[in-house]
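Reviewing the structure listed below.
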Amino acid sequence: MSQSVSLKPLSKTALEVPFSGIRRFFDIAASMQDVVSLGVGEPDFATPWSVREAAIYSLERGQTTYTSNYGLLELRREIARYLNKRYSVEYNPDSEILVTVGVSEGLDLAMRVLLNPGDEVLVPEPCYVSYKPCVALAGGVPVSVETRSDAKFAVTADQLKAACTAKTKAVLLGYPSNPTGAVLSRERIVEIIAFARDRGLYVISDEIYDRLTYDGIHTCVASVPGARDITILLNGFSKAHAMTGWRIGYACAPEHILKMMMKLHSYTMLCAPITGQVAALEALKHAENEVENMVAHYKQRRRLIVDGLNKLGLTCHMPLGAFYAFPSIESTGLTAEQFAERLLMEERVAVVPGTAFGAGGNGHVRCSYATSVERIEVALARMKKFMDKLS
Amino acid sequence: MPKETPDEILTILARDARTSCETIAKMTGRTVEDVEKAVRDYEQRGVIKTYFTVIDWEKTGCEKVVAFIDVKVTPARDVGFDAVACRIARFAQVQSVWLVSGGSDLRVVVEAPNLRELASFVSEKLATIDGVTGTTSHFLLKRYKEDGALFFDSEQDQRLVVSP
Ligand SMILES: Cc1ncc(COP(=O)(O)O)c(C=O)c1O
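Those sequence lines, one after another, are chains A and Y. Following my numbering, the numbering of the first sequence begins with 12 at its first residue and continues without gaps. Following my numbering, the numbering of the second sequence begins with 114 at its first residue and continues without gaps.
Pasting the structure below:
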């Protein structure tokens with residue numbers, strides 16, 4: 012045993028950033044048996060085999076080195092081709108695309124290259140749990156813009172305007188949304204871009220769920236007129252390609268911004284793991300059918316779960332994207348935390364309380380439908396028992 | 114030319130034939146009556162042929178002998194391979210019959226309770242059909258995947274119970 016020392020306290024910034032509201036839930040659920048989980052934020056599919064096989068071959072060939080800081084050029088070219096073909100946006104693979112360690116790293120880099128201490132970032136909520144902490148860790152101040160269920164959780168330009176101050180530096184959009192499944196229409200994006208340009212703001216757009224839209228094709232924020240030069244576009248392979256564990260994403264931005272991101276990335280990450288990059292390349296080149304097949308599954312499960320939740324009196328609009336339903340639990344008279352905790356303890360169904368996703372999340376829970384039809388039906392049956400007991 | 118996209122009802126049933134019409138209705142956003150009618154219609158038109166279960170018989174200790182038999186056939190005037198193929202298909206032991214390209218003409222899957230019965234089926238019934246000029250049998254030794262189902266340990270769900 013070493014002698015006790017009185018160490019100086021840890022970083023104030025680190026101490027002040029709260030733990031995710033999801034953690035507490037995870038700890039309880041993980042200790043229980045026979046839990047049906049609607050709390051999972053990742054696909055239930057394993058990575059398509061052709062992608063895994065490409066990675067295995069690359070290991071056999073000894074591809075175990077660093078790559079360029081930007082990432083493998085072939086992968087960046089394929090990303091450029093994908094964005095161009097699907098959304099008609101052009102990014103130069105040599106200087107405007109950076110392969111990151113997931114969208115997670117892309118978010119962190121974006122905040123750190125944009126923000127000076129005290130700069131404000133408008134963050135529509137409920138939103139992905141990392142957004143506000145990433146802003147805060149970069150010295151910025153996240154400003155919540157609460158969206159509401161009657162507006163299907165889609166932020167408007169007017170709401171952003173109302174929250175904008177002289178200190179506002181950027182807007183962080185995350186659509187299709189985790190946890191609400193909301194998407195933004197093209198017209199809405201056009202208005203937001205006009206507002207951002209008017210105030211000289213940057214836009215960070217996390218489009219990790221771009222392929223998971225069910226009624227019409229996603230609008231890439233960078234594709235609307237005037238958006239490209241003010242936007243940092245983030246995307247990755249975790250969701251559509253069922254590749255969460257590979258940790259591969261990418262950031263696209265005008266050269267002067269992307270170069271700064273690459274600089275920070277070169278010091279803190281050096282490069283994204285090569286095996287994951289090889290896998291991502293294969294995913295873009297040859298996994299389109301598998302992506303479409305997975306999307307077809309999610310689409311069917313989405314209808315199943317939304318129908319089931321509504322029949323239980325947990326009113327829920329049809330989410331347009333991602334793989335989450337975000338029903339209101341107000342009819343139960345419980346808070347989101349109480350609802351989620353009791354549902355877990357009494358019926359062994361895990362959902363995530365909406366409060367974990369910030370303002371506007373209370374009164375709601377997030378139910379992931381990245382799980383099999385069979386499991387969804389079991390979960391709904393257990394939830395019915397729970398609701399019957401409550402009434 | 115763009116292919117027709119398959120009806121979701123069929124893709125769901127092809128995945129799991131036990132999916133009830135109620136569940137299919139919810140999954141596709143159609144009414145239960147609508148789905149029931151469509152399924153009945155598919156059955157009547159012979160689009161849906163049958164519903165069956167993929168079973169690992171070996172695990173039950175009552176495995177049958179299976180052979181894949183390549184059959185060479187002299188095609189007949191007007192009916193080509195159809196007459197012989199239909200003749201073969203009518204035997205209960207025959208699970209599948211396909212016309213294939215390559216060195217032989219028909220590929221036949223035959224199932225029998227034991228090797229002796231299988232051998233006698235091939236030599237006495239199959240090889241003696243008019244128009245059949247030769248057979249080559251391949252016996253099934255081990256199943257790895259059948260009708261989309263893996264016969265080795267498939268992957269478990271290894272995800273955390275709750276994640277962001
Ligand atoms: C909206 C959103 N952005 C980013 C991420 C993180 O993605 P990655 O695995 O690419 O780091 C997630 C994962 O849940 C997410 O839901």
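The beta carbon of each residue, even a glycine, is placed where N, CA and C say it ideally should be.
Beta-carbon of residue i versus every beta-carbon of chain A: anything under 7 Å?
i, result
"G261 of chain Y", "no"
"V184 of chain Y", "no"
"R139 of chain Y", "It should be noted that the sequence gives Lys, not Arg, for residue 139 of chain Y. True, the Cβ-Cβ gap to chain A drops below 7 Å."
"M114 of chain Y", "Interpretation of M114 of chain Y is limited by its pLDDT of 47, a score under 50 that renders its predicted location unreliable; no figure is taken from the coordinates."
"E268 of chain Y", "yes"
"V152 of chain Y", "no"
"S276 of chain Y", "yes"
"R143 of chain Y", "no"
"R220 of chain Y", "no"
"R272 of chain Y", "yes"
Does any C-beta atom of chain Y lie closer than 7 Å to the C-beta of residue i?
i, result
"G185 of chain A", "no"
"Q44 of chain A", "no"
"L133 of chain A", "no"
"V140 of chain A", "yes"
"L315 of chain A", "yes"
"Q349 of chain A", "no"
"S48 of chain A", "yes"
"F164 of chain A", "no"
"V51 of chain A", "yes"
"F36 of chain A", "yes"
"Q74 of chain A", "no"
"D318 of chain A", "yes"
"A168 of chain A", "no"
"A41 of chain A", "yes"
"A251 of chain A", "no"
"A147 of chain A", "no"
"Q288 of chain A", "no"
"A57 of chain A", "yes"
"F311 of chain A", "The residue you asked about is not Phe; residue 311 of chain A is Gln in the sequence shown. Yes, contact with chain Y."
"A361 of chain A", "yes"
"S17 of chain A", "no"
Residue i: which of the options sits nearest, CA to CA?
i, options, result
"M356 of chain A", "A:S42, A:Y261 and A:K310", "A:S42"
"T167 of chain A", "A:R312, A:P153, A:K178 and A:V182", "A:V182"
"D266 of chain Y", "Y:Y257, Y:T141 and Y:R272", "Y:Y257"
"L253 of chain Y", "Y:A180, Y:K162 and Y:C175", "Y:A180"
"F165 of chain Y", "Y:A127, Y:V186 and Y:A198", "Y:A127"
"Y335 of chain A", "A:K250, A:R313 and A:K143", "A:R313"
"A7 of chain A", "A:G344, A:I268 and A:E348", "Residue 7 of chain A lies beyond the residue range present for chain A, which begins at 12 and ends at 402; the question has no answer from this structure."
"D105 of chain A", "A:R87, A:A177, A:L70 and A:T176", "A:R87"
"G332 of chain A", "A:C231, A:G365, A:I316 and A:L223", "A:L223"
"E85 of chain A", "A:V235, A:G369 and A:L292", "A:L292"
"A361 of chain A", "A:D130, A:A370, A:I387 and A:N127", "A:I387"
"S249 of chain A", "A:T242, A:R239 and A:G260", "A:G260"
"G372 of chain A", "A:S383, A:S196, A:F164 and A:R197", "A:F164"
Check the Cβ-Cβ distances between residue i and every residue of chain B, and say whether any is below 7 Å.
i, result
"I33 of chain A", "This model lacks chain B altogether, as its protein chains are A and Y."
Any alpha helix (DSSP H) of 4 or more consecutive residues that is wholly inside the region 306-359 of chain A = 347-358
Fully enclosed by the region 191-226 of chain Y, which alpha helix (DSSP H) runs are 4 residues long or longer?
-> 195-202
Does the region 168-175 of chain Y touch the region 195-207 of chain Y, meaning 3 or more C-beta pairs lie closer than 8 Å?
-> no
Residues with C-beta closer than 6 Å to any heavy atom of ligand 1, in chain order | Counting every residue whose Cβ lies closer than 6 Å to a heavy atom of ligand 1, we get A:G52, A:G113, A:V114, A:S115, A:Y139, A:G185, A:N189, A:D217, A:I219, A:G247, A:S249, A:T255, A:G260 and Y:P277.
Counting only runs that start and end within the region 201-271 of chain A, where is the beta strand (DSSP E) found for 3 or more residues in a row?
-> Counting only unbroken stretches of 3 or more residues, the beta strand (DSSP E) elements lying wholly within the region 201-271 of chain A are 213-217, 242-247 and 260-263, in sequence order.
Answer yes if the region 98-115 of chain A comes into contact with the region 151-163 of chain A, meaning at least three C-beta pairs across the two stretches below 8 Å, and no otherwise.
-> no
Should the region 243-255 of chain A be regarded as contacting the region 50-62 of chain A, the criterion being three or more beta carbon pairs within less than 8 Å?
-> yes
Counting Cβ pairs, one atom from each stretch, are 3 or more of them under 8 Å apart for the region 75-83 of chain A and the region 277-290 of chain A?
-> yes
Are three or more beta carbon pairs between the region 357-367 of chain A and the region 385-402 of chain A nearer than 8 Å?
-> yes
Specify whether the region 169-186 of chain A and the region 209-222 of chain A touch according to this definition: at least 3 beta carbon pairs, one from each stretch, less than 8 Å apart.
-> The answer is yes - the region 209-222 of chain A touches the region 169-186 of chain A, with three or more Cβ pairs under 8 Å.
Segment contact, 8 Å Cβ cut-off, at least three pairs: the region 222-239 of chain Y with the region 146-159 of chain Y | no
If we count Cβ pairs, one from each stretch, closer than 8 Å, do we get three or more for the region 178-195 of chain Y versus the region 244-253 of chain Y?
-> By the Cβ test, the region 178-195 of chain Y is in contact with the region 244-253 of chain Y, since at least three Cβ pairs between them sit closer than 8 Å.
Report the residue ranges of all alpha helix (DSSP H) runs contained in full by the region 173-203 of chain A; include only those spanning at least 4 residues, in chain order.
-> none
Whole beta strand (DSSP E) runs in the region 49-131 of chain A with 3 or more residues, listed along the chain?
-> Taking only runs of at least 3 residues, the beta strand (DSSP E) segments lying wholly in the region 49-131 of chain A are 108-111.
Three CB pairs or more closer than 8 Å across the region 370-378 of chain A and the region 139-147 of chain A = no
Within the region 364-398 of chain A, note down every full beta strand (DSSP E) run reaching 3 residues or more, in order along the chain.
-> DSSP runs (the beta strand (DSSP E)) wholly in the region 364-398 of chain A: 376-379.
Evaluate the contact criterion for the region 295-315 of chain A versus the region 36-51 of chain A: three or more CB pairs, one atom per stretch, below 8 Å.
-> no
At 3 residues or longer, and completely inside the region 150-196 of chain Y: list those beta strand (DSSP E) runs for me, N to C.
-> Runs found: 178-186.
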